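Before any comments, here is the structure.
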C-alpha cells in the first residue's frame, strides 16, 4: 500500500482537520522493531504521525480482543482508545529490551480491562495496583527471544493443535480453566496438563532460538 | 538473596497473565513474582504469547473518527499518570507492591498476643479478600482447615508447615483437604500476605478460642 503520504480520511469534524501523515509504510511498520521505533518517537518528541501508525495497527486489534472477551462494542471501543492513550502517556516507560511492543500493549489493555471490571463492581482495592511502583523487574535473559512476535508466532505454530487450542481459548476468554474444560468436554486435569505442556514447549522452542 | 522454593502452579501463572485472577489472589501472586525470577520469566513468556495472539486477531472496525478523538484527548492533556506512591519499605520484607505497604501501615491491629492482622483488600466475592498476618517467633497458628482456597506468600521470616519450610517469597496454596498448624520459625517474626475466601475452619479448641480475636 502506498501509505507514505496517506492523509487521514476521517477528520470531518468542525475543527480544522489536522493533516496527518503516517509515520511509515505499513510494510516497514508492521515489525516489532518498527513498532518499537514508533513508540520511541512518541516518547522522544511526541511524534503524532508515529502515534497514528501505532493507533491504526493496535487499536482495532485491542478492540477485537475486548470483543472476544465479551465486552459491549462501545466498551471495547473505549478500552481500545484508553489503551492507545496509555501508550502515548507511558511511551517513555516502554523498554524494547524487556518486551515486544505487542506484549507491552497487551499488558496495558489487560490491566485497563481489569480496572474497568473492578470499577463496575465497585470493588476497588485500597489502591490501584497498576499505580504501585513496578515490583517486577525485567525478566531473565532466557526470554530474549520472546521480544520478537515473529519468533513467538512461529513457536505457537509448532505446538500440537490441541495444545495451541487451550492456549488460545485461555487468552480469549475470561473464564476459569474449569469452564474452558467444560466447553471442550475435557477433564480439568487434561486442560491444565495441555497448558503446562504448551508453556513448557514454548519455553524450549524459544530457548533453542535464543 | 536466595530465590523462593515453593511456586504457584502453571495454571495460576497463566491466570495472572491473562488477567482473570481475583484481586486478593492476584496480589498474593504478584508478591511472589516480585521475589521470584523464574516465575517472572514464566509470566513474561505468557504475556508475550498473549501479545502475539492479540496481534494475530482480525482487526475490528473502530468507530469513525476514532484516531481524531484520541488526538483530541492528547491535545486536551490526557490526565497525567499519578506519581507512584512512596511508602517506606520495611528493609526486612521482600519487595511488595505499594498497596500492601499502605495497608500494613493503615490497618494494622493487634489481634492476639504475638499476632497482628491488617486487611489489604476487602469484598465478599470469591478471591477478593486479602490480609497481612504477622506471627511472633516460634508461635503457631492453631490447628485449622480452610473453607475454599487459601493462597499465602511469605513476606518476612519463615514458617514450617507439615514438614516443609516456607521462607521469604515462597508461595503456598491450601484447600479444604488441608488441615494444618503452621508455626513461625524460632528465629524471628513471620509476616505473610494471605488471600482467603472465607474464615478459617477451626480444628482445635485453641483455634476456636483464637479465631474470634484474630478475626481471620
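Chains as they are written, first to last, in the numbering used here: chain A, 152 to 361; chain B, 2 to 217. Don't be surprised by glycine CBs; every beta carbon is placed ideally from N, CA and C. Small disclaimer: the values here were computed from a predicted structure and weren't measured.
Kindly list the residues whose CB is nearer than 7 Å to the CB of residue 94 of chain B, restricted to its own chain and excluding five residues on each side of it in sequence; keep chain order. The residue given as residue 94 of chain B occupies position 93 in the second chain. Closer than 7 Å at the Cβ level, and outside the excluded window around residue 94 of chain B, lie 156, 157, 192.
Terminal residues of the continuous alpha helix (DSSP H) containing residue 101 of chain B? The sequence position of residue 101 of chain B within the second chain is 100, counting from 1. Residues 99 to 107.
If you compare alpha carbons, which of A/347, A/231, A/319 is closest to residue 10 of chain B? Counting from 1 along the second chain, the entry for residue 10 of chain B is found at position 9. With distances taken between Cα atoms, residue 10 of chain B lies closest to A/347.
Proximal residues, the segment 64 to 75 of chain B versus chain A, C-beta separation under 9 Å: 64, 65, 66, 67, 68, 69, 70, 71, 72, 73, 74, 75
What residues of chain B sit near residue 257 of chain A, judged by a beta carbon separation below 7 Å? Taking the first residue of the first chain as 1, we reach residue 257 of chain A at position 106. Ordered by position in chain B, the residues that pass the 7 Å Cβ test against residue 257 of chain A are 48, 51, 52, 55.
Cβ neighbour criterion (16 or more within 10 Å) applied to residue 51 of chain B: As a working mapping, residue 51 of chain B is identified with position 50 in the second chain. So residue 51 of chain B counts as buried.
Kindly indicate which residue of B/175, B/137, B/184 has the alpha-carbon position closest to the one of residue 8 of chain B. Locating residue 8 of chain B in the second chain gives position 7, where the first residue counts as 1. When each option's Cα is compared against that of residue 8 of chain B, the closest is B/175.
How many Å lie between residue 212 of chain A and residue 70 of chain B at the Cα? What you label residue 212 of chain A is simply residue 61 of the first chain in a count that begins at 1. What you label residue 70 of chain B is simply residue 69 of the second chain in a count that begins at 1. So the alpha carbons of these two residues sit roughly 17 Å apart.
Using beta carbons (cut-off 8 Å, strictly below), is residue 130 of chain B in contact with chain A? Position 129 of the second chain, counting from 1, holds the residue named residue 130 of chain B. Closer than 8 Å: no.
Pair every Cβ in the segment 242 to 251 of chain A with every Cβ in the segment 298 to 312 of chain A, then say whether three or more of these pairs are closer than 8 Å. yes
Just checking: is the beta-carbon of residue 62 of chain B within a distance shorter than 8 Å of some beta-carbon in chain A? Position 61 of the second chain, counted from the first residue, corresponds to residue 62 of chain B. Closer than 8 Å to some Cβ of chain A, the Cβ of residue 62 of chain B qualifies, so yes.
DSSP bridge partner residues for residue 191 of chain B (one or two, in chain order): Mapped onto the second chain, residue 191 of chain B falls at position 190. Answer is B/136, bridged to residue 191 of chain B.
Assuming the contact rule is C-beta atoms closer than 8 Å, residue 32 of chain B and residue 154 of chain B should be a hit. Round their C-beta distance to whole Å, please. Stepping through the second chain from its first residue, residue 32 of chain B is reached at position 31. Stepping through the second chain from its first residue, residue 154 of chain B is reached at position 153. So it is a contact: roughly 5 Å between Cβ atoms.
CB-CB under 7 Å to residue 345 of chain A, same chain, minus the five flanking residues each way: which ones, in chain order? Counting from one through the first chain, the residue named residue 345 of chain A turns up at place 194. If we look at residue 345 of chain A and ignore the five residues flanking it on each side, its Cβ neighbours are 313, 314, 317.
For the beta strand (DSSP E) holding residue 260 of chain A, just list the boundary residues, first then last. In the first chain, the residue the question calls residue 260 of chain A occupies position 109. Careful: residue 260 of chain A lies outside any beta strand (DSSP E), inside the alpha helix (DSSP H) at 252 to 272.
Residue from A/192, A/341, A/336 whose Cα sits closest to the Cα of residue 240 of chain A: In the first chain, the residue the question calls residue 240 of chain A occupies position 89. Measuring from the Cα of residue 240 of chain A, the nearest candidate turns out to be A/192.
How many angstroms separate the CA atom of residue 169 of chain B from the CA atom of residue 199 of chain A? Your numbering for residue 169 of chain B matches position 168 in the second chain. Your numbering for residue 199 of chain A matches position 48 in the first chain. Answer to the nearest angstrom: the Cα atoms are 46 Å apart.
Quick check on the burial criterion: 16 or more other C-beta atoms within 10 angstroms. Buried or exposed for residue 76 of chain B? Position 75 of the second chain, counted from the first residue, corresponds to residue 76 of chain B. With fewer than 16 Cβ atoms within 10 Å of its Cβ, residue 76 of chain B is classed as exposed.
Measuring straight from C-alpha to C-alpha, what distance separates residue 226 of chain A and residue 334 of chain A? Residue numbering aside, residue 226 of chain A sits at position 75 when the first chain is read from its first letter. Residue numbering aside, residue 334 of chain A sits at position 183 when the first chain is read from its first letter. Looking at the two C-alpha atoms, the distance is approximately 26 Å.
Let me know if residue 264 of chain A comes out buried or exposed under the rule of 16 or more other beta-carbons within 10 Å of its beta-carbon. Numbered from its first residue, the first chain carries residue 264 of chain A at position 113. Buried, by the Cβ-count rule.
Got a sec? Which residues, its chain only, sit under 8 Å from residue 184 of chain B by beta carbon, not counting five neighbours each side? For this step, residue 184 of chain B is matched to residue 183 along the second chain. Around residue 184 of chain B: 139, 140, 141, 142, 160, 161, 162.
For residue 182 of chain A, which of helix, strand or coil comes out of DSSP? For the purposes of this step, residue 182 of chain A is taken as the residue at position 31 of the first chain. If DSSP states are grouped into helix, strand and coil, residue 182 of chain A belongs with coil.
Closer than 7 Å at the beta carbon, the chain B residues around residue 265 of chain A: The sequence position of residue 265 of chain A within the first chain is 114, counting from 1. By Cβ distance, chain B contributes 20.
Beta carbon proximity, residue 309 of chain A to chain B, threshold 8 Å: Within the first chain, residue 309 of chain A is the residue found at index 158, counting from 1. So no, residue 309 of chain A is outside the interface.
Anything in chain A within Cβ reach of residue 174 of chain B, meaning under 9 Å, just list it in chain order. Taking the second chain and counting its residues from 1, the one referred to as residue 174 of chain B is at position 173. Simply none; closest approach about 14 Å.
Run through DSSP, which three-state label would residue 203 of chain B get? The sequence position of residue 203 of chain B within the second chain is 202, counting from 1. Here residue 203 of chain B sits in strand by DSSP.
Could you check if residue 147 of chain B is buried or exposed, using at least 16 other CB atoms within 10 Å of its CB as the buried criterion? In the second chain, residue 147 of chain B corresponds to position 146, counting from 1. Flag for residue 147 of chain B reads buried.
Using a Cβ-Cβ distance under 8 Å, would residue 204 of chain A count as near chain B? Counting from one through the first chain, the residue named residue 204 of chain A turns up at place 53. Taking Cβ atoms only, chain B never reaches closer than 8 Å to residue 204 of chain A, which makes this a no.
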